[in-house]
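**Student:** For reference, the structure I am asking about is given below.
Numbering (the UniProt record's numbering), first residue to last: 1 to 315.
Dropping the structure here:
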């Protein structure tokens, strides 16, 4: 099974990409920093017209300012909070007005905007789940539904950035996992619905790129930890204890500078998803350790996978 998966992926890598990107336009969400920012510059260099959606367009928007300072007719930076119906609708109108031939549609949509959090189930409030899902899940659904008519006209591509934590889980990451599993399910349903239209729907599932993207910071973890402890019931605080919670927070902080620092694996996979005549349905930009663990967690019996990786699990 593992050999087949590896061989299939290796053969797919040999398929040539489309000859040129000239005349094609792509909209990317979450271009303030991280994958979205790097991808916007990369696709622009490839010849695409890029609509770069940014959350911050004011004096705090360093990422948006850098993209605008490129002063290119093919780099269109726009205000876009994926949680706002109004801003998403305005983005659709802007894209329609800007495209040279809007009747031919928009080639690509990359749903990249996302947030992360931590907290074991008994510490995480319902609001924690809702806030993460509002960006990661409902933001993806909102933006996709808004732009899908344009994508259908172009027989283009929808590329949704999820995570390996949209395929397997990890303790204390349930808020994040719920949102990413939701995006994966949404994408799988949409992929099957869009075949008849000639549209490809693709998932990119990166491993740990925390150091590269800055999605978790020590300051942010401290702030979240304070809210988690304050919001927990007396019973939970008593049963778990302050010492355990402090160790847990320290463990989360240790992840801040962890993972791959080079985003090129992710950027290249997204580019292939947008340009290959035969793109994968799923891409897994990750180190070998995480690829193997993903196969174990998703293919072996759950009891065995837990026993291998989760402290305290028994067969």
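Idealized CB from N, CA, C, for every residue including glycine.
Note down, one range per segment and in chain order, each alpha helix (DSSP H) of at least 4 residues found wholly within the region 111-143.
**Tutor:** The qualifying runs are 126-136.
**Student:** Could you please give the first and the last residue of the uninterrupted beta strand (DSSP E) stretch that includes residue 33?
**Tutor:** Where residue 33 is concerned, there is no enclosing beta strand (DSSP E), given that its DSSP letter is neither H nor E.
**Student:** Work out the CA separation of residue 307 and residue 107 for me, nearest whole Å.
**Tutor:** 45 angstroms
**Student:** Is residue 271 near residue 42, with beta carbons less than 8 angstroms apart?
**Tutor:** yes
**Student:** What is the DSSP secondary structure of residue 298, counted as helix, strand or coil?
**Tutor:** Here residue 298 sits in helix by DSSP.
**Student:** May I ask you to report which of helix, strand or coil DSSP gives residue 209?
**Tutor:** coil
**Student:** Taking the C-alpha atoms as reference points, what is the distance between residue 73 and residue 237?
**Tutor:** 56 angstroms
**Student:** Indicate the three-state DSSP secondary structure (helix, strand or coil) for residue 185 in the structure shown.
**Tutor:** helix
**Student:** Can you grab the Cα-Cα spacing for the pair residue 204 / residue 39, in whole Å?
**Tutor:** 13 angstroms
**Student:** Are the beta-carbon atoms belonging to residue 64 and residue 49 less than 8 angstroms from one another?
**Tutor:** no
**Student:** Can you tell me the Cβ-Cβ gap for residue 137 and residue 179, rounded? I've got them flagged as a contact below 8 angstroms.
**Tutor:** 5 angstroms
**Student:** Give the DSSP-derived three-state secondary structure of residue 255 in the structure shown.
**Tutor:** coil
**Student:** Look at residue 47 and residue 31 and say whether their C-beta atoms are less than 8 angstroms apart.
**Tutor:** no
**Student:** Grab the span of the alpha helix (DSSP H) containing residue 155 for me, first residue to last.
**Tutor:** Element bounds for residue 155: n/a, residue is neither H nor E.
**Student:** Under three-state DSSP, which class holds residue 215?
**Tutor:** coil
**Student:** Residue 242 to residue 233, Cα distance in whole Å?
**Tutor:** Going by the C-alpha atoms only, they are around 13 angstroms apart.
**Student:** Less than 8 angstroms between the beta carbons of residue 274 and residue 159, yes or no?
**Tutor:** yes
**Student:** Quick check on DSSP: helix, strand or coil for residue 76?
**Tutor:** strand
**Student:** Taking all protein chains shown into account, decide if residue 201 is buried (16 or more other Cβ within 10 angstroms of its Cβ) or exposed.
**Tutor:** buried
**Student:** So what does residue 108 bridge to, in DSSP terms?
**Tutor:** 26 and 157
**Student:** At a cut-off of 7 angstroms, is residue 254 close to the ligand MG when judged by its beta-carbon and the heavy atoms of the ligand?
**Tutor:** Although the ligand MG was asked about, the structure shown includes no ligands whatsoever.
**Student:** Residue 245 by DSSP, collapsed to three states: which one?
**Tutor:** In the structure shown, residue 245 sits in a helix (DSSP, three-state: H, G or I).
**Student:** Please go through the same chain and pick out, in chain order, the residues whose beta-carbon is closer than 7 angstroms to the beta-carbon of residue 305, but skip the five residues on each side of it.
**Tutor:** 296 and 297
**Student:** Looking at C-beta atoms only, is the number of pairs between the region 168-177 and the region 118-135 that lie closer than 8 angstroms three or more?
**Tutor:** yes
**Student:** Based on the DSSP secondary-structure assignment, which residues constitute the bridge partners of residue 270?
**Tutor:** Answer by DSSP bridge pairing: none, since residue 270 is not bridged.
**Student:** Can you name, in chain order, every residue of its own chain whose Cβ lies under 6 angstroms from the Cβ of residue 120, other than the five neighbours on each side?
**Tutor:** 172
**Student:** Does DSSP classify residue 175 as helix, strand or coil?
**Tutor:** helix
**Student:** Taking its Cβ as the centre, do 16 or more other Cβ atoms sit within 10 Å of residue 311, making it buried, or is it exposed?
**Tutor:** exposed
**Student:** Please report the Cβ distance between residue 286 and residue 164, rounded to the nearest whole angstrom; I am assuming they are in contact, meaning their Cβ atoms lie under 8 angstroms.
**Tutor:** 6 angstroms
**Student:** So who's on the other strand from residue 50, going by DSSP bridges?
**Tutor:** For residue 50, which the question treats as bridged, DSSP gives the partners 26 and 75.
**Student:** Just to confirm, are residue 153 and residue 103 a CB contact at a threshold of 8 angstroms?
**Tutor:** yes
**Student:** The alpha helix (DSSP H) spanning residue 65 covers which residue range?
**Tutor:** Note, residue 65: alpha helix (DSSP H), 62-68.
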